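Residue numbers (UniProt numbering): 1 to 140.
Given below as structure tokens:
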């Protein structure tokens with residue numbers, strides 16, 4: 001529960017009038033936020049969660065699958081994430097509602113939401129070692 005919703009639910013101390021100003025001062029939440037919550041406006045986090053293409057459980061399952069594939073030595077390229085997400089959403093959707101593909105920026109946003117999926121950077125090999133280890137294998 002966000003702080004504004006908690007401020008509306010909590011009881012005020014004895015002797016304090018139950019006004020938005022008093023609740024705002026007591027809970028350090030702006031008055032306008034308290035008024036908006038009372039009228040039913042959702043917080044930005046709740047609104048963003050409602051606009052997600054996949055649910056939290058579906059995203060967790062996709063992350064688990066991507067980490068599994070990476071640990072098996074077959075990492076999934078970012079360009080295939082849209083089609084994977086679309087197939088997951090298609091399984092969830094109802095028959096009478098058509099489902100759209102995720103947007104072109106969805107894979108990058110997904111990657112930002114899940115930093116554990118960041119590709120590991122491989123350090124380049126030293127040129128002295130490179131010549132002695134690889135040159136013969138290539139020229140043969």
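Backbone N, C-alpha and C fix where the C-beta goes; we use that ideal spot for every residue, glycine too. For clarity, every value in this text was computed on a predicted model and none was experimentally measured.
Which of helix, strand or coil does DSSP assign to residue 60?
-> Residue numbering aside, residue 60 sits at position 60 when the chain shown is read from its first letter. Reduced to three states, the DSSP call for residue 60 is helix.
Can you find at least 3 beta carbon pairs, one from the region 81-100 and one from the region 35-51, that sit closer than 8 Å?
-> At 8 Å Cβ cutoff, the stretches do not touch.
Just to confirm, are residue 81 and residue 115 a CB contact at a threshold of 8 Å?
-> Mapped onto the chain shown, residue 81 falls at position 81. Mapped onto the chain shown, residue 115 falls at position 115. The Cβ atoms of residue 81 and residue 115 do not sit closer than 8 Å to each other.
Taking just the CA atoms, how far does residue 60 sit from residue 113?
-> For the purposes of this step, residue 113 is identified with residue 113 of the chain shown, where counting begins at 1. For the purposes of this step, residue 60 is identified with residue 60 of the chain shown, where counting begins at 1. Their backbone Cα atoms lie some 11 Å apart in a straight line.
With DSSP collapsed to three states, give me the class of residue 81.
-> Position 81 of the chain shown, counted from the start, is the residue given in the question as residue 81. DSSP places residue 81 within a helical segment (H, G or I) once states are collapsed to three.
Endpoints, the alpha helix (DSSP H) within which residue 25 is located | Residue numbering aside, residue 25 sits at position 25 when the chain shown is read from its first letter. The continuous alpha helix (DSSP H) containing residue 25 extends over residues 20-27.
Where do the N-terminal and C-terminal ends of the alpha helix (DSSP H) with residue 55 fall, by residue?
-> Here residue 55 corresponds to residue number 55 of the chain shown, with the count starting at 1. In the DSSP assignment, residue 55 falls outside any alpha helix (DSSP H) and carries neither an H nor an E.
Could you please give the first and the last residue of the uninterrupted alpha helix (DSSP H) stretch that includes residue 4?
-> Residue numbering aside, residue 4 sits at position 4 when the chain shown is read from its first letter. Note, residue 4: alpha helix (DSSP H), 3-9.
Compare the Cα-Cα distances from residue 105 to each of 90, 18, 83 and 87 and report the closest residue.
-> Counting from one through the chain shown, the residue named residue 105 turns up at place 105. Residue 83 holds the alpha-carbon nearest to the alpha-carbon of residue 105 among 90, 18, 83 and 87.
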